[in-house]
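Residue numbers (our numbering): 1 to 74. Quick reminder that beta carbons are idealized off the backbone N, C-alpha and C, glycines included. Notes follow the structure.
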């Protein structure tokens, strides 16, 4: 799991789920939203969960992979 990334555009459905199973979450935040700007109910559901990586375009994914490879064992 330390070398696996899940990329998704939903903090609640993608990032929370990824973290729940021990893999790295990459939030594809195309609208560049701040968590504070999300609806209050969603913020409550997220709690302290934050994406380990946040990108606004898939072209940025390569940099996330590079960073992961620097820290992941193996």
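What residue from the options has the CA that sits closest to residue i's CA?
i	options	result
residue 47	56, 6, 19 and 8	19
Residue i by DSSP, collapsed to three states: which one?
i	result
residue 54	strand
residue 4	coil
residue 22	coil
residue 80	Since the displayed the chain opens at 1 and closes at 74, residue 80 lies outside it and no answer follows.
residue 61	helix
Alpha carbon to alpha carbon, how far is residue j from residue i? Give it in angstroms, no decimals.
i	j	result
residue 73	residue 9	27 Å
residue 44	residue 35	11 Å
residue 6	residue 58	12 Å
Can you tell me where the alpha helix (DSSP H) with residue i in it begins and where it stops?
i	result
residue 40	40–46
The region 33–40 in contact with the region 55–73 per 3-pair CB rule at 8 Å:
no
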